[in-house]
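Structure first, commentary second.
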Amino acid sequence: MRSKIIILFILISTALLGLEISGTVLNEKGKPIDNVIVSTDSKAVITGKNGRFILKDISADNKVTLHKIGYADIILSAEKIPSKLILQTAPVQIPGVQVMGIKSNEALLKTLDKIVIQVDSINNFKNAADILRNRADLLISGTNLHGETQNVSVPGYKARHTLIMLDGIPLNKSGTAFDIASIPAEIIDNIEIIKGSASSQGGAGSMGGIININTKRSGGKLSASLNHGFGSFGLDTTSLIFSGSNPRFQTFIFLSKSYSRNDFKYVPLENPDTLWIREYNDKKIYDADLNIGHTSDFGTINYKLLYQDFFKKLPGNIESLFWFENSRITGKTQRHFLNYSKRFSEFFLKTDLFYSNEKTTYDNTRINSMYHNNLLLYVLGENHQQDRGVKCKLEYKDDTFYFDWGGEYRYEKFEYSEITNPVNSISEVYRENYAVFGNTILIQHIFPFRLSLSASTRWDHTTDFKDFTSWRIAPEFGYENFFRITLGGSVSNGYTLPSFYSLYWIGDSQVMGNPDLKPEGSLSWQIFTQFELENNFLKLTYRHDDIDDMIIWYPNLFQKWKPMNLSCTETFTYEVEFRLKPYEFAELNCIYDHVKAINRAKETSYYGKKIIYIPDHSFNANLKLKYKKISGDINYSYTGKRWDTLDQQTSENSLPAYDLLNAGLQYSIFWKNLELASGIVLHNISDNLYELYEHVPQPGFNWEMNLSLKYEI
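Each residue of the sequence shown is one higher than the one before, starting from 4 at the first, in my numbering.
Following this line, the structure appears as structure tokens:
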């Protein structure tokens with residue numbers, strides 16, 4: 004009897020171990036997919052060019068996993084494996100954020116040293132600055148309230164060194180920072196981030212990095228949503244979104260009206276035991292954004308319009324309140340983008356026409372009459388800027404090779420008219436730029452290894468400046484099986500042109516421009532390694548940045564402040580980033596940066612001193628929670644001590660460290676075609692009073708409530 008049992012056991016074991024399965028892996032179009040990892044707990048094979056695989060000697064109850072980057076995993080029992088398996092394309096999760104596959108209609112160069120933040124449709128973000136605020140590796144300057152100007156920069160660089168793009172089209176004027184808070188969150192699909200010199204992909208102004216904002220299009224269904232928000236300091240916002248599409252047409256419309264008093268309390272310098280109110284700080288903004296497209300055999304034509312009408316009071320720094328009492332800036336901005344694209348087999352042609360027009364008026368004529376004779380304060384001036392151009396490129400991609408090569412033309416015009424003191428007016432000046440560029444990626448899969456090399460170069464010819472050739476090289480080596488290890492890096496150069504103000508400001512008793520300014524230049528390199536296991540990862544990065552001929556303002560022999568190419572800086576950045584997702588409903592993202600930004604200008608007495616307003620240490624932790632109809636997040640950030648003077652003689656010359664605790668909660672109800680969502684956001688829960696810059700206070704605890712009603716067919 005015992006022998007029969009042993010024989011039966013052997014036969015069953017042999018049957019289980021002897022199972023052989025095979026199949027063909029196809030994409031959504033029915034084409035074979037190679038380099039797909041087909042694995043069980045103990046065995047793994049990879050599909051060939053015909054998409055075929057064979058697994059031998061496995062048990063019928065084994066789980067078989069099919070995995071390839073860019074596609075959603077499939078997990079099936081061995082006994083249920085069909086002869087044909089279809090993999091669906093899906094986003095790739097790397098560096099803690101969602102990175103989309105190469106999309107020919109909106110991609111920049113795709114490398115793992117680029118971060119892409121995918122914006123969830125359920126969030127409490129107001130603008131692009133809110134989306135980026137949870138990253139410790141970026142500096143957001145400006146007050147975190149509605150309507151306030153907010154700029155973004157990479158530590159070690161100025162805000163003017165970061166190029167802000169919309170669907171691949173530059174938004175910055177040459178040598179100037181861009182108010183990233185002016186882009187509403189409701190129109191943003193994802194944000195791409197490249198840190199370090201990237202002029203080979205963006206041209207002038209991107210020597211500190213590129214932030215490319217990709218806008219939303221219709222999701223295919225007809226939908227309309229009405230949103231209303233209210234909160235601290237008189238906040239009141241209302242917006243309407245409409246979208247719809249069919250195989251030929253797509254439409255996305257966003258309309259918004261918002262107002263806020265922004266009258267928060269702060270501690271005055273002359274009386275630290277009391278609280279004053281930040282008066283004359285009202286903001287009123289109207290936004291209208293349109294995105295329409297048509298697809299036919301001829302190709303796809305898409306048109307985007309971003310329009311903004313704004314009124315903003317500017318109370319100035321708290322040590323000079325009476326100098327800017329009731330000052331204000333009003334204006335209108337319109338940006339037009341016309342895109343044509345056409346696919347020819349593996350090739351993709353894209354052409355962009357863009358035009359922007361901005362008119363603003365600065366008015367400080369409402370100050371006390373005692374200052375009316377001071378022409379530095381009593382100012383009424385009008386600023387007019389135009390920007391237009393064309394960008395055309397041809398893309399090609401297959402499984403091992405990708406390129407986009409093309410050219411670009413850009414024309415900028417600037418004019419300033421000061422009504423109260425015409426001598427300070429700047430007659431119309433212009434700048435033209437011609438550029439050709441090329442981006443290439445080579446990828447080789449040798450299971451289980453992955454090798455890639457991306458390279459880009461760009462040649463720019465700009466009126467009144469020397470030609471500039473920029474480049475970027477980024478190699479990567481990866482091992483992929485049940486876990487993934489990536490080792491990579493990049494080296495690149497970049498440049499930024501002087502702004503019109505720095506060059507052409509006529510001058511007064513204290514300030515004058517400098518027409519002899521040279522462009523700023525930079526060299527940046529980084530190395531990183533990343534370990535990924537399922538939905539968890541750890542990434543370590545070291546980056547080194549050198550800036551030459553940095554433009555800073557110094558007093559000349561006549562004690563007039565004048566911009567000069569005097570400074571050189573060197574920045575060392577150590578970064579640790581990780582994500583833990585222990586449960587499906589919980590995700591923790593953390594990032595820590597240690598930055599040493601040093602002044603290397605030997606011609607000054609500040610050689611070896613730290614660059615002002617750059618913290619040595621910064622940390623951000625964000626916990627996301629989602630369960631059924633409820634979602635929320637808790638965010639903690641720490642910003643270290645920052646020097647606010649160049650000489651840095653004593654610790655009194657520094658701004659103290661501060662930390663912030665924010666939280667948000669949203670609840671959604673679905674009924675037939677309706678979705679009702681409500682959310683609340685709490686900022687600075689611990690009510691800390693702090694300053695980003697000297698004499699520029701920030702608000703304490705504040706909150707915002709949002710209500711949304713969406714109808715979708």
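From the three backbone atoms N, C-alpha and C, an ideal C-beta is built for every residue, glycine too.
Taking 8 Å as the cut-off, does the stretch 622-641 touch the stretch 590-602 (at least 3 CB pairs, one atom from each stretch)? yes
Considering only DSSP beta bridges, list what G234 is partnered with. On the sequence shown, residue 234 is found 231 positions in, with the first residue counted as 1. Note: G234 sits in a beta bridge opposite L238, E707.
Who are F440's beta bridge partners in DSSP? Start at 1 with the first residue of the sequence shown, and residue 440 comes out as number 437. G409, R461, per the DSSP bridge assignment.
For H231, does the count of other Cβ atoms within 10 angstroms reach 16, so buried, or fall short, so exposed? Sequence index remark: in the sequence shown, residue 231 carries index 228 (1-based). It counts as exposed.
Coil, strand or helix - D133 by DSSP: Numbered from its first residue, the sequence shown carries residue 133 at position 130. Looking at D133 - three-state DSSP - the assignment turns out to be helix.
For Y630, which residues in the same chain have their Cβ closer than 6 Å to its Cβ, ignoring the five residues on either side in sequence? Here residue 630 refers to the residue found at position 627 when the sequence shown is read from its first residue. So the list reads F588, once near-sequence residues are dropped.
Whose CA, out of L677, A660, L679, N676, lies closest to the CA of L692? Against the sequence shown, residue 692 aligns to sequence position 689. The residue with the shortest Cα to Cα distance from L692 is A660.
Integer-rounded CB distance, given that L668 should sit under 8 Å from I683: In the sequence shown, residue 683 corresponds to position 680, counting from 1. In the sequence shown, residue 668 corresponds to position 665, counting from 1. Indeed they touch by this definition, with Cβ atoms about 6 Å apart.
CB-CB under 6 Å to R413, same chain, minus the five flanking residues each way: which ones, in chain order? Within the sequence shown, residue 413 is the residue found at index 410, counting from 1. Taken in chain order, the residues that qualify are G392, N436.
Residues near I444 by beta carbon distance below 6 Å, same chain, minus five either side: Counting from 1 along the sequence shown, the entry for residue 444 is found at position 441. Closer than 6 Å at Cβ, skipping near neighbours: Y405, S457.
Nearest to S299 (by Cα), restricted to the options A604, W326, I530, N249: Stepping through the sequence shown from its first residue, residue 299 is reached at position 296. Checking every option, the nearest Cα to that of S299 belongs to N249.
Put P425 into one of helix, strand or coil per three-state DSSP. Numbered from its first residue, the sequence shown carries residue 425 at position 422. In this structure, P425 counts as helix in the three-state DSSP scheme.
Where DSSP assigns a beta bridge to A227, which residues make up the other side? Translated into positions along the sequence shown, residue 227 becomes position 224. For A227, which the question treats as bridged, DSSP gives the partners F245, Y714.
Going by the CB atoms, is the gap between T27 and L90 shorter than 9 Å? Taking the sequence shown and counting its residues from 1, one reaches residue 90 at position 87. Taking the sequence shown and counting its residues from 1, one reaches residue 27 at position 24. No; because the gap between Cβ atoms is not below 9 Å, this pair is not in contact.
Let me know if N538 comes out buried or exposed under the rule of 16 or more other beta-carbons within 10 Å of its beta-carbon. Position 535 of the sequence shown holds residue 538. With fewer than 16 other Cβ atoms within 10 Å, it is exposed.
Taking the continuous beta strand (DSSP E) assigned at G296, which residues delimit it? For the purposes of this step, residue 296 is taken as the residue at position 293 of the sequence shown. Unbroken beta strand (DSSP E) run through G296: 286-299.
Coil, strand or helix - N665 by DSSP: Counting from one through the sequence shown, the residue named residue 665 turns up at place 662. Correct three-state label for N665: strand.
Could you tell me the distance, in whole angstroms, from the CA atom of D60 to the CA atom of I78? Your numbering for residue 60 matches position 57 in the sequence shown. Your numbering for residue 78 matches position 75 in the sequence shown. Approximately 18 Å, taken between the alpha carbons.
If you draw a straight line from the alpha carbon of K198 to that of I120, how long is it in whole angstroms? As a position in the sequence shown, residue 198 is number 195, starting the count at 1. As a position in the sequence shown, residue 120 is number 117, starting the count at 1. Computed Cα separation, rounded: 14 Å.
Classify D355 as buried or exposed, calling it buried when 16 or more other Cβ atoms lie within 10 Å of its own Cβ. As a first step, residue 355 is located in the sequence shown; it is residue number 352 there, counting from the start. Looking at its Cβ environment, which holds 16 or more other Cβ atoms inside 10 Å, D355 is buried.
Shortest alpha-carbon distance to N496 belongs to which of Y504, S459, F486, N329? Locating residue 496 in the sequence shown gives position 493, where the first residue counts as 1. Here the closest residue by C-alpha is S459.
Select from I550, N371, T146, N568 the residue whose C-alpha is nearest the C-alpha of N265. Residue mapping note: residue 265 aligns to position 262 of the sequence shown, counting from 1. Among I550, N371, T146, N568, the Cα nearest to that of N265 is on T146.
Residue range of the beta strand (DSSP E) that includes S144: Stepping through the sequence shown from its first residue, residue 144 is reached at position 141. Note, S144: beta strand (DSSP E), 142-144.
Can you tell which of N154, S505, L397 has its C-alpha closest to the C-alpha of W556? One-based indexing of the sequence shown puts residue 556 at position 553. W556 has its Cα closest to that of S505, out of N154, S505, L397.
From D636 to A666, what distance separates their C-alpha atoms? Sequence index remark: in the sequence shown, residue 636 carries index 633 (1-based). Sequence index remark: in the sequence shown, residue 666 carries index 663 (1-based). Roughly 6 Å between the two C-alpha positions.
Between A184 and R220, what straight-line distance do the alpha-carbon atoms span, to the nearest angstrom? Here the question's residue 184 lines up with position 181 in the sequence shown. Here the question's residue 220 lines up with position 217 in the sequence shown. One C-alpha to the other measures close to 20 Å.
State the DSSP-derived secondary structure class of I683, mapped to helix, strand or coil. In the sequence shown, the residue the question calls residue 683 occupies position 680. Strand at I683.
Helix, strand or coil at F267 [DSSP, three-state]: Translated into the one-based positions of the sequence shown, residue 267 becomes position 264. The answer is coil: DSSP assigns F267 none of H, G, I, E or B.
In whole angstroms, what is the alpha-carbon distance linking S654 and P618? Taking the sequence shown and counting its residues from 1, one reaches residue 654 at position 651. Taking the sequence shown and counting its residues from 1, one reaches residue 618 at position 615. Cα-Cα distance, rounded: 14 Å.
Considering only residues of the same chain and omitting the five flanking positions on each side of T152, which have a CB-CB separation below 6 Å? On the sequence shown, position 149 is the one that residue 152 refers to. These residues qualify, in order along the chain: G145, D182.
Out of curiosity, what's the CA-to-CA distance linking T363 and N602? To locate residue 363, count along the sequence shown from 1; it is residue 360. To locate residue 602, count along the sequence shown from 1; it is residue 599. When rounded, the distance between both Cα atoms is 35 Å.
Taking 7 Å as the limit between beta carbons, can you name the residues of its chain near I280, skipping five residues before and five after? Taking the sequence shown and counting its residues from 1, the one referred to as residue 280 is at position 277. The residues are D266, K268.
Use the C-beta contact count for E23: other C-beta atoms within 10 angstroms, 16 or more gives buried, fewer gives exposed. Reading the sequence shown from its first residue, position 20 is the one you call residue 23. The residue in question, E23, is exposed, as its Cβ has fewer than 16 Cβ neighbours within 10 Å.
Buried or exposed by the 16-neighbour rule on C-beta atoms within 10 Å, applied to W564: The residue given as residue 564 occupies position 561 in the sequence shown. It counts as exposed.
DSSP-derived helix/strand/coil call for H620: Indexing the sequence shown from 1 puts residue 620 at position 617. If DSSP states are grouped into helix, strand and coil, H620 belongs with the strands.
Straight-line gap, V102 to V270 (C-alpha atoms, nearest Å): Residue mapping note: residue 102 aligns to position 99 of the sequence shown, counting from 1. Residue mapping note: residue 270 aligns to position 267 of the sequence shown, counting from 1. In this predicted model, V102 has a pLDDT of only 33, less than 50, meaning its place in the structure is not dependable enough to derive any value.
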